[in-house]
Amino acid sequence: MSSSDLTISDRIQRKLDELTRAERQLAHSILENYPASGLGPLTALAKGANVSAPTVARMVQKLGYKGYPEFQAELREELKAKAKNPIAKHDAWAEGAPSGHMLNRFTDAVIENIRQTLGQIDPDQFDTACQMVAEPRSRVYIVGGRITHTLAEYLFLHMQVIRPEVVHIQSTSNGWPHYLLDVKEGDVFVIFDLRRYENNTLKLAEMAHKKGAKLILFTDQWRSPVDRLTDITFSGRIVVPSAWDSNVTSLLLIESMISTVQNLCWGDTKDRAEALEDMFDQTMLFRKFT
1 MSSSDLTISD
11 RIQRKLDELT
21 RAERQLAHSI
31 LENYPASGLG
41 PLTALAKGAN
51 VSAPTVARMV
61 QKLGYKGYPE
71 FQAELREELK
81 AKAKNPIAKH
91 DAWAEGAPSG
101 HMLNRFTDAV
111 IENIRQTLGQ
121 IDPDQFDTAC
131 QMVAEPRSRV
141 YIVGGRITHT
151 LAEYLFLHMQ
161 VIRPEVVHIQ
171 STSNGWPHYL
181 LDVKEGDVFV
191 IFDLRRYENN
201 TLKLAEMAHK
211 KGAKLILFTD
221 QWRSPVDRLT
231 DITFSGRIVV
241 PSAWDSNVTS
251 LLLIESMIST
261 VQNLCWGDTK
271 DRAEALEDMF
281 DQTMLFRKFT
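Numbering (UniProt numbering), first residue to last: 1 to 290.
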């Protein structure tokens, strides 16, 4: 991935191990309210992170910027992109739409999203997330938002077969706090929150985190505010020539997780799948051709 493809959050994550203690303190402060945290004066950012102004200047240069104004200008551009609604997104790509059929243009954008997304995912971290979801002693809670509930439901339907103790939280319902009653320390929440980020999702994550649950987040390149609470975050690229964002990279990661967790649980999964097929036969839900 070229440096021009990276968000400031990406740059910070890549450089964390190279930063001094004070610079890491500043980096975490920026990420807590990213990208809005760096929009004020340099002195305000330094004060908020309890570091010196020279520390801010040094870290900004380590991230590849000539100075704080350049760093701040890119933050503003990210904030604009993060806040776009469907109409604004449509206008942004329609004005400079290249020639060629939409199928080709859309596919090219999706392939680039996949390439960039996979380029920044740590395979070991992905394996750890799958092991967390496969852990039989933990209950798994899956939650999405207004649009991402479709991704959550897709993962939930598969996980229901793969393992027991899986709960789909209907986050758009006023009854979602009820699901938190039985959460215990070590339970796992798989959360979907892509722009536009939802207040209910953040509140649910905060309450689950407070109860000792482990959080896995699927989000976009700008990262949901839930990111500051998570054990593992997967940031997928979502921009395509459309008024709506693409969920293809999220779906790729979901299906990869389903396959991995299925293999980890295969002994029990096989028995569960056979029992389910037997019930399907009894209900005659599906047509038989033999």
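Glycine is no exception: its CB is placed at the ideal position from the N, C-alpha and C atoms.
(request) Please name the residue or residues paired with Ile232 in a DSSP beta bridge. (result) For Ile232, which the question treats as bridged, DSSP gives the partners Ile216.
(request) Assign Lys270 to one of two classes, buried (16 or more other C-beta atoms within 10 Å of its C-beta) or exposed (fewer than that). (result) Lys270 comes out exposed.
(message) Bridge partners for Val166 per DSSP, in chain order?
(response) Val140, per the DSSP bridge assignment.
(request) Please confirm whether Ala53 and Gln25 have their CB atoms less than 8 Å apart. (result) No, the Cβ-Cβ distance between Ala53 and Gln25 is not below 8 Å.
(request) Using DSSP bridges, identify the partner residues of Ile191. (result) In the DSSP secondary-structure assignment, Ile191 is bridged to Val143, Leu217.
(message) Measuring only the C-alpha atoms, how far is Gln13 from Gln282?
(response) Near 52 Å, if we compare the C-alpha coordinates of Gln282 and Gln13.
(request) Counting only the same chain and skipping the five closest in sequence on each side, list residues whose C-beta sits under 7 Å from that of Tyr154. (result) Same-chain partners within the cutoff: Ile254.
(request) Between the Cα of Phe126 and those of Leu204, Phe218, Pro177, Leu285, spot the shortest distance and give me the residue it belongs to. (result) If we check each option's Cα against that of Phe126, Phe218 comes out closest.
(request) Tell me whether Pro123 sits in a helix, a strand or coil according to DSSP, three-state version. (result) Of the three classes helix, strand and coil, the one that applies to Pro123 here is helix, per DSSP.
(message) For Leu264 and Pro164, I'd like the C-alpha separation in whole angstroms.
(response) CA-CA distance, Leu264 to Pro164, rounds to 14 Å.
(request) Please report the residue range of the alpha helix (DSSP H) in which Ile238 lies. (result) Bounds of any alpha helix (DSSP H) do not take in Ile238, whose DSSP letter is neither H nor E.
(request) Could you tell me the boundaries of the alpha helix (DSSP H) in which Trp266 lies? (result) Going by DSSP, Trp266 is part of the alpha helix (DSSP H) stretching over 266–283.
(message) Less than 8 Å between the beta carbons of Val248 and Ile216, yes or no?
(response) Their beta carbons are not under 8 Å apart, which means Val248 does not touch Ile216 by this criterion.
(request) Flag this pair as yes or no: are the beta carbons of Val183 and Ala208 separated by less than 8 Å? (result) Note that the C-beta distance between Val183 and Ala208 is below 8 Å.
(message) I need the straight-line Cα distance from Thr150 to Phe71, nearest angstrom please.
(response) If you take the alpha carbons of Thr150 and Phe71, they lie about 36 Å apart.
(request) Count the other CB atoms, across all protein chains shown, that sit within 10 Å of the CB of Thr233; report buried if there are 16 or more and exposed otherwise. (result) Around the C-beta of Thr233, 16 or more other C-beta atoms lie within 10 Å, and the residue is accordingly described as buried.
(message) On the criterion of 16 or more Cβ atoms from any shown chain inside 10 Å, does Asp278 qualify as buried, or is it exposed?
(response) Exposed, because fewer than 16 other Cβ atoms sit within 10 Å of the Cβ of Asp278.
(request) Would you kindly work out how many angstroms separate the C-alpha atoms of Asn33 and Glu198, rounded to a whole number? (result) Cα to Cα, Asn33 sits roughly 15 Å from Glu198.
(request) Have a look at Leu204, Glu185, Gln120, Thr201 and flag the residue whose alpha-carbon is nearest the alpha-carbon of Met132. (result) For the residues Leu204, Glu185, Gln120, Thr201, the minimum Cα distance to Met132 belongs to Glu185.
(message) Taking only three categories from DSSP, how would you classify Ser2?
(response) With a pLDDT of 46 at Ser2, under the threshold of 50, the predicted position of this residue should be treated as unreliable, though the coordinate-derived value follows. In the three-state DSSP reduction, Ser2 falls in the coil class, being neither helix nor strand.
(message) Less than 7 Å between C-beta atoms, sequence neighbours within five positions excluded: which residues of the same chain meet that for Tyr65?
(response) Taken in chain order, the residues that qualify are Phe71.
(message) If distances are taken between C-alpha atoms only, which option among Arg115, Leu194, Asn104 comes closest to Ser224?
(response) Nearest C-alpha to Ser224 among Arg115, Leu194, Asn104: Leu194.
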